[in-house]
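All residue numbers for the sequence shown refer to our numbering, where the first residue is 26 and numbers rise by one.
Positions of the beta carbon are idealized from the N, C-alpha and C atoms, including for glycine.
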Amino acid sequence: MTGIEKTLKGIKDGNITKDGLTFLLSIPTREEFKPVFDESALVCRRHFGDKVYIRGIIEFSNYCRKSCLYCGINKANRKVGRYRMTLEEILEAASYMKKCGSLTAVLQSGEDPGYDKVVLEAVKRIHEDLNMAITLSIGEREPAVYREFIKAGADRYLLRIETTDHDLFRRLHPDDDLEYRKKCLITLKKLGYEVGTGIMVGLPGQSVGAIADDLLYFIKLNPAMVGIGPFLAHQDTPLRNHKNTDIFPTLKTLALIRLILPKSNLPATTAMGTIAPDGRQQALKIGANVIMPNFTPSKYRESYKLYDNKICISEEYGKCAGCTTAIAKAAGKRIVKSKGYSKNT
Ligand code: SF4
Numbered sequence: 026m027t028g029i030e031k032t033l034k035g036i037k038d039g040n041i042t043k044d045g046l047t048f049l050l051s052i053p054t055r056e057e058f059k060p061v062f063d064e065s066a067l068v069c070r071r072h073f074g075d076k077v078y079i080r081g082i083i084e085f086s087n088y089c090r091k092s093c094l095y096c097g098i099n100k101a102n103r104k105v106g107r108y109r110m111t112l113e114e115i116l117e118a119a120s121y122m123k124k125c126g127s128l129t130a131v132l133q134s135g136e137d138p139g140y141d142k143v144v145l146e147a148v149k150r151i152h153e154d155l156n157m158a159i160t161l162s163i164g165e166r167e168p169a170v171y172r173e174f175i176k177a178g179a180d181r182y183l184l185r186i187e188t189t190d191h192d193l194f195r196r197l198h199p200d201d202d203l204e205y206r207k208k209c210l211i212t213l214k215k216l217g218y219e220v221g222t223g224i225m226v227g228l229p230g231q232s233v234g235a236i237a238d239d240l241l242y243f244i245k246l247n248p249a250m251v252g253i254g255p256f257l258a259h260q261d262t263p264l265r266n267h268k269n270t271d272i273f274p275t276l277k278t279l280a281l282i283r284l285i286l287p288k289s290n291l292p293a294t295t296a297m298g299t300i301a302p303d304g305r306q307q308a309l310k311i312g313a314n315v316i317m318p319n320f321t322p323s324k325y326r327e328s329y330k331l332y333d334n335k336i337c338i339s340e341e342y343g344k345c346a347g348c349t350t351a352i353a354k355a356a357g358k359r360i361v362k363s364k365g366y367s368k369n370t
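See the structure below:
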């Protein structure tokens, strides 16, 4: 047995170690990594068949109170025109996405608690009037606020941890505390949300061992969803000169997450489609089972760029739905009309 085969067998047997994960993450070529991709694709097929769930995103506000070093809409960036979609605009976008086949609305924004009242109303109306599942991706809040949102009808909450390396987390997030972020994730789970988290691959100073630690943290947290994105620089941030990550390390991380969390929902993220034209197809082929088309009205998209060269900025409103069907097909899969509740319960 080769070292790769032995390590893969260890993962299958539940013997998952930092050394094993670091070894697999360090494999330098796609050719050598192929047995891992084959296995992650197989595991994905076993649990999801050829189904791809669709979650439409509405980026409803780009106001943010924080200054994460990698983020194009962080509060220090004065070049961004700030916007908040009105309640009517949010509801119209949700209604349109439902017509296009997405039964889940992801409401995403910078950390903008001053707009929570409007978001709460939007959650109620989307839940009651449109009968859609709702994911919130709006950052850290107090437990009482999470409770209000779930009472209003929210189903899922996406809060990426980005890295579990204490020093790296502190350097990148001047306003945040890693332990508090972890606490938020536990609170969200306890309240009954389907919890999503995730990391960025290729952060400055991030070691392969640190990514292995992130994966071990995911095993403990057992989230319903994990989103992985490559680091992509934004010209108006302190990390403007850091090199963008290739798709390969991002795909390796995704494949390993599929192996350690076989039933979690794993999106083929927009950032993967930005770093490689067929990045989302590649992700769907090796283990992703979710795709997230953008339903933010066209006039706002240019102002919601977390990194440079983000794709789908100038797309006509609604065109993303057709595009995601084509992406799934190119990966040998099909979009299903479903709320796509987590199997990871
Ligand atoms: S990553 Fe999120 S919290 Fe941090 S600056 Fe960007 S929008 Fe704000």
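Run the proximity test for residue i: is its beta-carbon closer than 8 angstroms to any non-hydrogen atom belonging to the ligand SF4?
i	result
Lys104	no
His267	no
Glu204	no
Gly227	no
Leu257	no
Cys93	yes
His152	no
Gly252	no
Asn319	no
Glu146	no
Leu331	yes
Thr89	According to the sequence displayed, residue 89 carries Cys and not Thr. Answer for Cys89: yes, Cβ within range of the ligand SF4.
Ile211	no
Gly164	yes
Cys96	yes
Asn290	no
Gly135	yes
Asn40	no
Lys207	no
His72	no
His191	no
Lys100	yes
Count the other CB atoms within 10 Å of the CB of residue i; is the residue buried (16 or more) or exposed (fewer)?
i	result
Ala169	exposed
Arg195	exposed
Ile211	exposed
Tyr371	The displayed coordinates of the chain run from 26 to 370. Any statement about residue 371 would go beyond what the structure contains.
Lys59	exposed
Asn314	buried
Lys330	buried
Gly322	Per the sequence shown, the amino acid found at residue 322 is Pro instead of Gly. Buried is the call here.
Thr189	buried
Lys43	exposed
Met317	buried
Glu153	exposed
Glu57	exposed
Arg55	exposed
Pro53	exposed
Met225	buried
Leaving out the 5 sequence neighbours to the left and right, which residues in its chain are closer than 8 angstroms to residue i when beta-carbon positions are compared?
i	result
Gln306	Ala293, Ile352, Ala355 and Ala356
Leu50	Val233, Ile236, Ala237, Pro274, Lys277, Thr278 and Leu281
Leu94	Arg196, Leu197, His198, Pro199, Thr262, Pro263 and Leu264
Asp75	Gly357, Lys358 and Arg359
Leu213	Tyr171, Tyr182, Leu184 and Val220
What is the rounded straight-line gap between the Cα of residue i and the Cα of residue j?
i	j	result
Gly39	Thr299	34 angstroms
Glu136	Gly28	44 angstroms
Phe320	Cys89	20 angstroms
Leu216	Ile244	20 angstroms
Val143	Asp303	37 angstroms
Met157	Lys208	28 angstroms
Lys364	Phe73	14 angstroms
Tyr121	Ile336	21 angstroms
His191	Asp202	9 angstroms
Leu291	Gly252	6 angstroms
Lys362	Gly347	13 angstroms
Arg181	Pro138	18 angstroms
Glu165	Glu204	12 angstroms
Ser289	Ile159	17 angstroms
Ala118	Lys124	10 angstroms
Lys176	Pro229	39 angstroms
Against chain C, does residue i count as a neighbour if the rule is that its beta carbon must be under 9 angstroms from one of theirs?
i	result
Met225	Checking the listed chains, one finds no chain C in this structure; it contains a single protein chain.
Cutting at 7 angstroms between CB atoms, please list the residues of its own chain near residue i, excluding the five before and the five after it.
i	result
Thr111	none
Phe174	Leu145, Val148 and Leu161
Leu240	Leu46, Leu281, Ile282 and Ile285
Ser328	Asn87, Val105, Gly106 and Tyr108
Leu257	Asn269, Ala296, Thr299, Ile300, Tyr332 and Asp333
Thr349	Ile79, Ile316, Pro318 and Ile360
Glu64	Leu33 and Leu284
Apart from the five residues on each side of it in sequence, which residues of its chain come closer than 6 angstroms, Cβ to Cβ, to residue i?
i	result
Ser134	Phe85, Ser86 and Ile163
Phe62	Ala280 and Ile311
Touch test, the segment 90 to 104 against the segment 258 to 265, Cβ-Cβ under 8 angstroms, three pairs minimum: The answer is yes - the segment 258 to 265 touches the segment 90 to 104, with three or more Cβ pairs under 8 angstroms.
Quick one: any contact between the segment 119 to 133 and the segment 66 to 81, if contact means 3 or more CB pairs under 8 angstroms? Contact between the segment 119 to 133 and the segment 66 to 81 is present, with at least three C-beta pairs closer than 8 angstroms.
Would you be able to state if there are at least three C-beta pairs under 8 angstroms between the segment 183 to 192 and the segment 220 to 227? The count of Cβ pairs closer than 8 angstroms, one atom from the segment 220 to 227 and one from the segment 183 to 192, reaches three, so the stretches are in contact.
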